[in-house]
Every structure is written in C-alpha cells, then in structure tokens.
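One structure is given below, encoded as structure tokens.
Chains as they are written, first to last, in the numbering used here: chain A, 12 to 260; chain B, 1179 to 1341.
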C-alpha cells in the first residue's frame, strides 16, 4: 500500500467533493450574498483539491494528474469522508455540513502546517487561512439559525441530528493515518478530535442547539465504501471529460 | 542580456486581470525572477488556492515576456509556488492607496488578528472616507474580497480581505 498516495487522496477528495457540492448552489442561494459566499468557499475547496490531488498523483508515480484523478476514478476509488458527500439539502443542511467540516479543516490544516514534507506544509499553511475564514462564516450562520426563529432552530437542529453521524468518518484512524503521523508528514485525525468536539460543543451552546448523545457513526469513505449520493454526484461531475477524453478548449 | 531586475521591471507592466489598477508585482503574486543562460524563471503564488485568475495571469506573463525571452534565445518558465503563503501584508502603502482610489477598501495589517476571529476592524468607505460602514457579506466579487456598505453615503463597496 502506498500510504502517502492514500492519505493525499483523502485530503484531495474531501475538498473536491465538498467543493463540487457547494458549486451546485450557484444561482440557488437563498440570497445573493449567500450564493456568492457558498460558491466562493467552493472555489477555495476546489483550489485546495487541485493542490492535494496533484501531489497525490506525484506520490502515486503512475502519471496521473489532478484531472485524471478527479474525472477518471469510479466511486470505489474515492476516499472522501462520508460527510462531504451528504446532499446539499436545504440551506441549513449545507451550513451544518460546512460547519462540521470547517471545524475539522481548521484543526487538520494546523496539524499539517508542521508536516515534515515541505510541499504538504506549504499547502496546509495556505489552506489554514482559508479554512479559518470559512469557519467564521459557517459558525456565524449556525448561531444565527440555531438562535433564530422557532422554524430556523428546529430545522437546523434536525440537520445537526442528521449529519453528525457522518462526521465520525473524518476522524477514521487506520494504518494510513498511523504511518502518516508516525513518519511526520501527515496527521492522525484522532489527535485533534477532542479540539473538534470542543468546537462543536461551544457552537451548540452559543447557538442554543442540543448535541445529540451517543451518535451511531457511519464510516467507510476512507476505504471507498460510499453512499448512493456520491454516484449521482460523480456522474454529473465526470460526464463531460469521460464523454470527450483529452478534449481541449 | 536582461538582468533579473530588468525582467522584474517588465513584469510590472502586467496588470492583475481582476484589479487592473495594480500590476502582478504590486499584488505580491510574483515571488521572484531568476535568469540563466538558457531560461527565465518566474515564480508566482495564488492569493487564494482556488483563484481562477491564476491561469490568466500566467498566460499574461507569458504573452508579455515570451517574445523578449525568445530574443535572447531563452525559455520562459512560469512556476506556481504555495510557500510562503500570500498575505495582504505584501501590498505596499502605495498599492493600498491605488486600491482605495479605484474604489476598493484596502486591507489592514494581518497582525490585527480580529480580521480572522470575527470582530472586523472598522473599514473606511473608499468613496466618502467615512468609517461608518458595515459588513454585508464576508464574501465579495472575487475570492480575495468581502462586501461592505457605507452607512453615510450608501455606497456598496468591496473590501480586500485581510489574510
């Protein structure tokens, strides 16, 4: 197993799948400002995905670049966490998904900023500025919706109940993360789970939300076991390059 | 034969495609230029990871410099680098003044950590110079800007995010 390739795919696929989903909000945001915000965040995610997947292709050494990895892998080849492929749903669903991911990304990028690999550290340090900004936005919306009207509160509480089980996949530890952390170029997400838990708890307290207890965690994304949603998403994302491989414009 | 400084001076004629009042050197996008007997190497860094202007910027640099490099029988290479991460601190005071004159409120110093933590410092309206402004959205017309409104003159304007 090429642990470096596997690890970089996880980083790249999280950003790619989430970025693709945020892009689907183009023209559908509840207000113009949010339309722009969600797609701006999506753009940052796609930028991060390009950097991670380019590195993944180099680590694999089989000549695959970012586009080959993004467009010519099937569902079972994707390594994104299940949270990232949850459907956009309504605005509250998207915001909860984003908050849970942003809180994770801030911890992840801080950890990877100290990577022994200079290229990974450079991408992480750059991404850290973006994830901090994203978290500021998604967290503000969590508070506004959670501590808003009765309807916004009940909707976003339901979104949190629905999505929290999928967040566990972000913290999946296995031989890949063990090697990544052991060799100093990557991080074991279990190490920053307590910080993430605290961030979620503090948000819930401020947003008048109740964190569901004893959540049954859904895992499998890191091993290529995905939910049905990912296949629809990939079909739309990949149809053009697969129909016209190597097309240039 | 042009020196690295000569090439850098030429790069100052390449405008940023989104903010044409600044060139790519003033923006801090150009991180360095080296010249050897056979090549001119230009290193550029993105303001944001997903900045869609990067390809256009690299193309503009090639269009401006390639013919001149060819005169010296050199290959022009444009390389994308991520470290050190771009920061608004690289914008000079002169560049910030140009931004304001163009209608974009310039960024403050990143040492002011309020920029990321939430309590935005006051942003001056580029039109009437009032500090009575408010944030409309953290995200504006491009990845590097936020959207503000002036409560005195009612002007909506972009503010360069401070990162």
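The beta carbon of each residue, even a glycine, is placed where N, CA and C say it ideally should be.
Since this is a predicted model, take the numbers as computed values, not measurements.
Sequence-distant residues of the same chain with beta carbon closer than 7 Å to residue i, five excluded per side
i: residue 1179 of chain B; result: 1250
i: residue 1242 of chain B; result: 1188, 1191 and 1192
i: residue 1256 of chain B; result: 1220, 1222, 1236, 1239 and 1240
i: residue 1252 of chain B; result: 1216, 1217 and 1218
i: residue 67 of chain A; result: 16, 19, 20, 23 and 80
Rounded C-alpha distance that separates residue i from residue j
i: residue 3 of chain A; j: residue 220 of chain A; result: No statement about residue 3 of chain A is possible, as the shown extent of chain A runs from 12 to 260 and does not include it.
i: residue 1246 of chain B; j: residue 79 of chain A; result: 35 Å
i: residue 18 of chain A; j: residue 1234 of chain B; result: 31 Å
i: residue 287 of chain A; j: residue 258 of chain A; result: This structure gives no information on residue 287 of chain A, because the portion of chain A shown stretches from 12 to 260.
i: residue 1236 of chain B; j: residue 1228 of chain B; result: 14 Å
i: residue 24 of chain A; j: residue 247 of chain A; result: 16 Å
i: residue 86 of chain A; j: residue 250 of chain A; result: 13 Å
i: residue 141 of chain A; j: residue 1324 of chain B; result: 13 Å
i: residue 1206 of chain B; j: residue 1270 of chain B; result: 9 Å
i: residue 1284 of chain B; j: residue 59 of chain A; result: 25 Å
i: residue 21 of chain A; j: residue 1275 of chain B; result: 43 Å
i: residue 216 of chain A; j: residue 1224 of chain B; result: 37 Å
i: residue 89 of chain A; j: residue 1318 of chain B; result: 32 Å
i: residue 112 of chain A; j: residue 1260 of chain B; result: 23 Å
i: residue 171 of chain A; j: residue 178 of chain A; result: 10 Å
i: residue 1282 of chain B; j: residue 98 of chain A; result: 36 Å
i: residue 1272 of chain B; j: residue 256 of chain A; result: 47 Å
In DSSP terms, what residue i is bridged to
i: residue 1328 of chain B; result: B/1311
i: residue 99 of chain A; result: Per DSSP, none; premise fails for residue 99 of chain A.
i: residue 1212 of chain B; result: B/1219
i: residue 1341 of chain B; result: Partner(s): none; residue 1341 of chain B has no beta bridge.
i: residue 1336 of chain B; result: B/1282 and B/1325
i: residue 1193 of chain B; result: B/1201
i: residue 1254 of chain B; result: B/1218
Close beta carbons around residue i, own chain, < 8 Å, minus the five adjacent residues each side
i: residue 186 of chain A; result: 12 and 14
i: residue 139 of chain A; result: 117, 120, 121 and 124
i: residue 1201 of chain B; result: 1189, 1190, 1191, 1192, 1193 and 1194
i: residue 1329 of chain B; result: 1308, 1310, 1311 and 1312
Residues of its chain near residue i, where Cβ-Cβ distance is below 6 Å and the 5 sequence neighbours each way are ignored
i: residue 207 of chain A; result: 114, 115 and 118
i: residue 156 of chain A; result: 103, 163 and 167
i: residue 1327 of chain B; result: 1312, 1314 and 1334
i: residue 1293 of chain B; result: Low confidence applies to residue 1293 of chain B: its pLDDT is 49, below 50, so where it sits in the model is not reliable, and the reading given next is rough at best. Within the same chain, residue 1293 of chain B has close Cβ partners 1340.
i: residue 1305 of chain B; result: 1331 and 1333
i: residue 1300 of chain B; result: 1309
i: residue 241 of chain A; result: 86 and 96
i: residue 183 of chain A; result: 230 and 233
i: residue 190 of chain A; result: 14
i: residue 1186 of chain B; result: 1211
Reduced DSSP secondary structure (H/G/I, E/B, other) of residue i
i: residue 1222 of chain B; result: strand
i: residue 46 of chain A; result: helix
i: residue 1201 of chain B; result: strand
i: residue 251 of chain A; result: helix
i: residue 51 of chain A; result: helix
i: residue 1316 of chain B; result: coil
i: residue 1293 of chain B; result: Residue confidence for residue 1293 of chain B is low, a pLDDT of 49 falling below 50, so the modelled location carries little weight; the figure read from the coordinates is stated next. DSSP places residue 1293 of chain B in helix when its eight states are reduced to three.
i: residue 16 of chain A; result: helix
i: residue 221 of chain A; result: coil
i: residue 214 of chain A; result: helix
Distance between beta carbons of residue j and residue i, contact taken as under 8 Å
i: residue 244 of chain A; j: residue 109 of chain A; result: No, residue 244 of chain A and residue 109 of chain A are not in contact; Cβ-Cβ is about 16 Å, not under 8 Å.
i: residue 150 of chain A; j: residue 1316 of chain B; result: Going by Cβ atoms, the distance from residue 150 of chain A to residue 1316 of chain B rounds to 11 Å, so no, they are not a contact pair.
i: residue 173 of chain A; j: residue 92 of chain A; result: Contact flag wrong, Cβ pair sits at about 16 Å.
i: residue 126 of chain A; j: residue 135 of chain A; result: 6 Å
i: residue 54 of chain A; j: residue 1321 of chain B; result: 6 Å
i: residue 94 of chain A; j: residue 77 of chain A; result: 22 Å between Cβ atoms; not a contact.
i: residue 218 of chain A; j: residue 153 of chain A; result: 5 Å
i: residue 175 of chain A; j: residue 223 of chain A; result: 6 Å
Cβ-heavy atom distance, residue i to the ligand NAP, below 7 Å
i: residue 222 of chain A; result: No copy of the ligand NAP occurs in the structure displayed, which carries no ligand at all.
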